[in-house]
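Protein chains in written order, with the numbering used here: chain A, 3 to 221; chain B, 99 to 386.
Positions of the beta carbon are idealized from the N, C-alpha and C atoms, including for glycine.
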Ligand SMILES: Nc1ncnc2c1ncn2[C@@H]1O[C@H](COP(=O)(O)OP(=O)(O)OP(=O)(O)O)[C@@H](O)[C@H]1O
Ligand SMILES: [Mg+2]
């Protein structure tokens with residue numbers, strides 16, 4: 003489903019990723035770890051094609067980074083859900099609107115938007131928080147809104163960049179359990195994290211370790 | 099449908115959220131459209147008055163005393179066939195004497211014992227020929243006829259009229275262009291501020307797979323609304339001005355403003371257009 007073939011993508015001073023070769027299959031759960039600056043975020047950005055390789059190519063289902071047209075990038079992103087350490091919710095909109103936005107942007111009909119948003123909010127355990135603003139929610143709840151927003155388009159893969167970075171250990175574990183539950187329903191999940199203690203929480207997860215822009219070990 | 103409604107609401111919300119910059123650009127568009135609208139009516143009515151004055155502009159053709167009646171008759175025929183002429187009048191020496199008495203209160207025969215006044219024609223040109231170039235050309239042609247003594251018209255008067263016409267026309271056009279540019283620039287600036295204030299939603303939208311059009315449209319709608327609302331306000335103000343003038347002040351100024359609904363529609367279209375162009379410019383510059 004996702005293949006990196008000889009991917010090089012660097013910034014100034016040669017920082018970035020240097021030569022990545024791996025693939026991830028449908029429905030897998032993958033942890034991506036490594037020290038700060040190893041290139042984890044860069045790798046994820048290559049998947050949702052916020053960055054493009056200088057050498058090699060990234061394949062996501064039928065999309066090829068070396069030939070994708072600008073107007074197809076939104077279509078790719080509807081198949082790839084993303085969550086971030088800082089949640090990136092819109093602070094002046096309530097939970098419902100934050101999640102619904104993803105569907106409006108993907109041209110769904112009003113009625114379908116409503117039923118999908120409610121069902122996904124129940125799925126992440128926020129059915130009772132529909133009309134709260136993000137500022138009225140705890141960090142864990144905000145991250146769950148972000149997950150709902152990513153999930154509502156029924157993506158083939160969910161990318162999480164340091165999703166527990168701002169959460170305490172107990173809430174972090176809850177969040178990983180939620181991601182695991184989502185993965186069991188068939189969505190592939192890729193979690194970039196420093197938090198090694200989370201890894202054993204997902205039995206059978208693959209582990210990709212990185213350092214200085216290269217994969218050092220892969221299971 | 100859902101998506102259009104969503105984008106419209108987003109644009110409208112954006113306008114409300116933008117507060118000062120939005121209100122400011124609406125205000126500027128209102129002022130611009132008011133000046134353009136009032137300037138247009140003032141220019142139109144002044145030019146109309148000038149045309150009216152020109153309509154009374156006559157060319158006199160004096161015939162030589164020695165001309166034979168037959169020659170005068172064939173000359174008249176020739177004039178009657180000229181397509182530039184709207185109205186043609188013949189003044190015989192006797193008519194001229196009557197006119198002289200009317201104008202100066204004295205009988206020419208009391209002063210002289212013969213009638214020195216020559217026969218003449220008075221012609222009025224069709225409106226499109228009532229300008230200096232045409233009048234001069236026609237006068238030259240007529241002057242070349244052997245029976246014509248002199249062709250007279252108020253040349254300086256025509257020069258002045260045409261000068262004023264040009265001044266009015268160009269100042270109105272100049273004002274129009276300057277205000278259009280200012281309005282577009284200010285809408286553009288207001289939308290730019292909105293875009294910077296809404297960076298979060300822009301990047302989030304792009305992240306969740308919104309197309310370019312989906313991201314940009316609300317900003318364009320917001321700017322277009324600013325233009326439309328500004329122009330609507332201006333139209334209302336101008337309408338009240340005219341209403342006041344026509345109902346209460348007409349007796350003071352002896353002037354009645356007549357404009358059709360098309361005038362107001364034109365103003366609103368103009369304002370909307372300014373908003374549209376301004377916001378598209380901002381979106382092109384800051385969202386690509
Ligand atoms: N936009 C950029 N411009 C310049 N250099 C960048 C940019 N983004 C990342 N880098 C560099 O690329 C390297 C990899 O960065 P990346 O963000 O992928 O690391 P990371 O593994 O996600 O680190 P962290 O765990 O701190 O999030 C770093 O050395 C970083 O400084
Ligand atoms: Mg990172």
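So, is the C-beta of residue i closer than 9 Å to a C-beta in chain A?
i	result
residue 297/B	no
residue 382/B	no
residue 305/B	yes
residue 122/B	no
residue 308/B	yes
residue 301/B	yes
residue 289/B	no
residue 100/B	yes
residue 317/B	no
Check whether the Cβ atoms of residue i and residue j lie closer than 9 Å to each other.
i	j	result
residue 379/B	residue 282/B	yes
residue 60/A	residue 115/A	no
residue 385/B	residue 313/B	yes
residue 160/B	residue 247/B	yes
residue 204/A	residue 24/A	no
residue 28/A	residue 158/A	yes
residue 213/B	residue 191/B	yes
residue 239/B	residue 223/B	no
residue 150/A	residue 122/A	yes
residue 376/B	residue 123/B	yes
residue 89/A	residue 119/A	no
residue 171/A	residue 199/A	yes
residue 291/B	residue 328/B	no
Using the C-alpha atoms, what's the distance from residue j back to residue i?
i	j	result
residue 299/B	residue 143/B	50 Å
residue 210/A	residue 320/B	47 Å
residue 207/B	residue 347/B	52 Å
residue 180/A	residue 191/A	11 Å
residue 127/B	residue 230/B	39 Å
residue 194/A	residue 366/B	54 Å
residue 38/A	residue 296/B	30 Å
residue 84/A	residue 160/A	6 Å
residue 170/B	residue 259/B	33 Å
residue 165/A	residue 62/A	22 Å
residue 234/B	residue 181/B	16 Å
residue 77/A	residue 101/A	18 Å
residue 142/A	residue 136/A	11 Å
residue 129/B	residue 255/B	36 Å
residue 225/B	residue 157/B	13 Å
Assign residue i to buried or exposed, taking buried as 16 or more other Cβ atoms, counted over all protein chains shown, within 10 Å of its Cβ.
i	result
residue 188/A	exposed
residue 163/A	buried
residue 163/B	exposed
residue 147/B	exposed
residue 150/B	exposed
residue 155/A	buried
residue 210/B	exposed
residue 308/B	buried
residue 204/B	exposed
residue 382/B	exposed
residue 74/B	Since the first residue shown for chain B is 99 and the last is 386, residue 74/B is missing from the structure and cannot be characterised.
Any heavy atom of ligand 2 closer than 8 Å to the Cβ of residue i?
i	result
residue 42/A	yes
residue 194/A	yes
So, is the C-beta of residue i closer than 9 Å to a C-beta in chain B?
i	result
residue 115/A	yes
residue 17/A	no
residue 1/A	Only positions 3 to 221 of chain A appear in this structure, which leaves residue 1/A out of reach.
residue 98/A	no
residue 165/A	no
residue 52/A	yes
residue 152/A	yes
residue 155/A	yes
residue 66/A	no
residue 120/A	no
residue 63/A	no
residue 145/A	no
residue 93/A	yes
Considering only heavy atoms of ligand 1, does any lie closer than 8 Å to the CB of residue i?
i	result
residue 28/A	no
residue 164/A	yes
residue 79/A	no
residue 291/B	no
residue 38/A	yes
residue 146/A	no
residue 212/A	yes
residue 60/A	no
residue 45/A	yes
residue 13/A	yes
Counting only beta-carbon atoms, is residue i nearer than 9 Å to chain E?
i	result
residue 125/A	Absent here is chain E; the protein component of the structure consists of chains A and B.
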